[in-house]
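Structure record follows, encoded as structure tokens.
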Amino acid sequence: MTRAMGAAMRRIHVGNALSAFGLGFTVPYLYVYVAQVRGLGAMTAGLVLAVFAVAALVVLPFAGRAIVRRGPLPVLLTALVTAALGALSLGLASSQTTVLLSAAALGAGQAVMQPALATMIVECSTAETRSRAFAMQFFLQNLGLGVGGLIGGHLVDASSAGSFTLLFSIEAAMFLLLAVVMVTVRMPHSPKIGNAPAESAKGGWKRMLGNRAMVQLCVLGFVLFFACYGQFESGLSAYGVEAAGISTSALGMALAANTAMIVVAQFAVLKFVERRRRSRVIAGVGLIWAVAWVTAGYAGLGHGSQEMATAAFVSTYALFGLGEAMLSPTVAPLVADLAPEGMAGQYNSAFALVKQLALAVGPAVGGPMGASLHAPYIVMFLLFSLGITFLAVRLGRQLTAVQDQPWLAKSRVVAQGGTKPAGQERAHA
Numbered sequence: 231m232t233r234a235m236g237a238a239m240r241r242i243h244v245g246n247a248l249s250a251f252g253l254g255f256t257v258p259y260l261y262v263y264v265a266q267v268r269g270l271g272a273m274t275a276g277l278v279l280a281v282f283a284v285a286a287l288v289v290l291p292f293a294g295r296a297i298v299r300r301g302p303l304p305v306l307l308t309a310l311v312t313a314a315l316g317a318l319s320l321g322l323a324s325s326q327t328t329v330l331l332s333a334a335a336l337g338a339g340q341a342v343m344q345p346a347l348a349t350m351i352v353e354c355s356t357a358e359t360r361s362r363a364f365a366m367q368f369f370l371q372n373l374g375l376g377v378g379g380l381i382g383g384h385l386v387d388a389s390s391a392g393s394f395t396l397l398f399s400i401e402a403a404m405f406l407l408l409a410v411v412m413v414t415v416r417m418p419h420s421p422k423i424g425n426a427p428a429e430s431a432k433g434g435w436k437r438m439l440g441n442r443a444m445v446q447l448c449v450l451g452f453v454l455f456f457a458c459y460g461q462f463e464s465g466l467s468a469y470g471v472e473a474a475g476i477s478t479s480a481l482g483m484a485l486a487a488n489t490a491m492i493v494v495a496q497f498a499v500l501k502f503v504e505r506r507r508r509s510r511v512i513a514g515v516g517l518i519w520a521v522a523w524v525t526a527g528y529a530g531l532g533h534g535s536q537e538m539a540t541a542a543f544v545s546t547y548a549l550f551g552l553g554e555a556m557l558s559p560t561v562a563p564l565v566a567d568l569a570p571e572g573m574a575g576q577y578n579s580a581f582a583l584v585k586q587l588a589l590a591v592g593p594a595v596g597g598p599m600g601a602s603l604h605a606p607y608i609v610m611f612l613l614f615s616l617g618i619t620f621l622a623v624r625l626g627r628q629l630t631a632v633q634d635q636p637w638l639a640k641s642r643v644v645a646q647g648g649t650k651p652a653g654q655e656r657a658h659a
């Protein structure tokens, strides 16, 4: 990695931490703010959460093309200003219409930040450093969310709308501060290990759908986010309360265990996965999550004491955190390495769109099942976790040696050219 790339990457990581810190201030308290503090009711609060997902689904298909045509930095700055305006207006909104419009702006801005920042990381990293860069991003995001939520919890007062206005103002300030930091970033040209030639944004979606490995990775990604992230605050928490008798304080402890596992294990896990096939690492995550669902099954369906049920439930979230730490240096870099030159923004946006779909469908399916159909819920997501292992092994057959084992690129990539030696296999497309 060159000095310019390192300097840019440090600013990007600072930006990731700032944005996560700002989100941590408001995300845990959004429902209470809309439903109770503003007195708009549970229905409007539910609509706000839905608007976040819908806004993301609407803007992400266009975000990829914009990143390809304009570059990630201008798109990111636009997203940050939009999110800041949305956050500030949400903190001041008092009617249903203004709350929903503000939520749409905030949701759209947040959604576009993800692929823009991911593309900047791709452009400021090499094949050898990309996994570590994405692991650092995931670490800082979780640390920022945790610290932001902790501080926000001490500032918020459910009896005072002004305290929530302060929280949303701080969130808006974090987005604007991130924009200031990003303006100072000078994007370098990075080596490319992808084997396909450069392509224009025109017809990008059609070309991407012709890439069998990327399509399979998107299917795998949907199952990953549906079976894990889409259950954290919906199906799994409902299951814990209804089936396992978990208290709200124990539920908070479980969420804290998930974050703590990620923060503590991230870089130890990184050393473990860096020299292993990406497809095998993802397959291993499926097995770990299968154990997590079995543990959750014991918590709610076993006949142990309440203390044992609580311990099992907290362990479930910790096991999910271990899997997440293994995925962060694996999946996002793989998306980048599957993209033809110049198309990383399109591919990152497509994968972010898949993630948003899974996060929208996951709670809708898992919430009702977790609350009432306890045994079927556990069995279904146990099978989904085993499905992750199957899909990962299948994906491995579509990847080139360098895509599945990126450390091999060290002897294959020519700096500033990305030219390939004679006989190197072309990416599946």
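Position 227 of the sequence shown, counting from 1, maps to 457 under my numbering, and the rest follow consecutively.
We treat Cβ as the ideally placed atom computed from N, Cα and C, and that holds for glycine.
| Asked | Found |
| --- | --- |
| Residue 462: first and last residue of the uninterrupted alpha helix (DSSP H) it sits in | Here residue 462 belongs to no alpha helix (DSSP H), and DSSP marks it neither H nor E. |
| Runs of alpha helix (DSSP H) lying entirely within the stretch 308-383, each at least 4 residues, in chain order | 326-353 |
| Separation of residue 616 from residue 537, as counted between CA atoms | 28 Å |
| The stretch 549-566 touching the stretch 363-381, judged by at least three CB pairs closer than 8 Å | yes |
| Residue 438 (DSSP reduced to helix, strand or coil) | helix |
| Alpha carbon of residue 496 to alpha carbon of residue 269, nearest angstrom | 41 Å |
| Cα-Cα separation, residue 577 to residue 475 | 42 Å |
| Anticipated Cβ contact below 8 Å, residue 398 with residue 318, distance rounded | 6 Å |
| Which listed residue (244, 294, 381 and 410) has its alpha carbon closest to that of residue 668 | Within the shown structure, residues of the chain are numbered from 231 to 659, placing residue 668 beyond reach of any answer. |
| Straight-line gap, residue 529 to residue 592 (C-alpha atoms, nearest Å) | 21 Å |
| For residue 252, three-class secondary structure by DSSP | helix |
| Residue 585, buried or exposed, once every other Cβ within 10 Å from all chains shown has been counted against 16 | buried |
| Same chain only: Cβ atoms within 6 Å of residue 551, ignoring 5 sequence neighbours per side | 488, 491 and 492 |
| Local conformation of residue 386 per DSSP, three classes | coil |
| Contained alpha helix (DSSP H) runs [length at least 4] in the stretch 515-592, N- to C-terminal order | 536-557 and 561-568 |
| Contacts around residue 243, its chain only, beta-carbon distance under 7 Å, and the 5 residues preceding and following it disregarded | 366, 367 and 370 |
| Residues near residue 531 in its chain [Cβ-Cβ closer than 8 Å; skip 5 each side] | 473, 604, 605 and 608 |
| Pairwise C-alpha distance: residue 387 and residue 301 | 41 Å |
| Limits of the alpha helix (DSSP H) - the one that residue 280 falls within | 271-300 |
| Cα-Cα separation, residue 564 to residue 464 | 29 Å |
| Below-8 Å beta-carbon distance, residue 566 vs any chain B residue | Annotation note: the requested chain B is absent from the structure, which comprises a single protein chain. |
| Member of 245, 594 and 445 whose CA lies at the smallest distance from the CA of residue 344 | 245 |
| Pick from 613, 618 and 450 that is closest to residue 527, judged by C-alpha positions | 613 |
| Residue from 342, 266, 286 and 325 whose Cα sits closest to the Cα of residue 303 | 342 |
| The stretch 403-414 touching the stretch 319-329, judged by at least three CB pairs closer than 8 Å | no |
| Residue nearest to residue 282 in terms of C-alpha spacing, selected from 331, 247 and 296 | 331 |
| Check whether residue 544 and residue 484 have beta carbons under 8 Å apart | yes |
| DSSP three-state assignment for residue 475, whether helix, strand or coil | coil |
| Spatially closest choice to residue 415 from 347, 275, 570 and 583, by CA coordinates | 347 |
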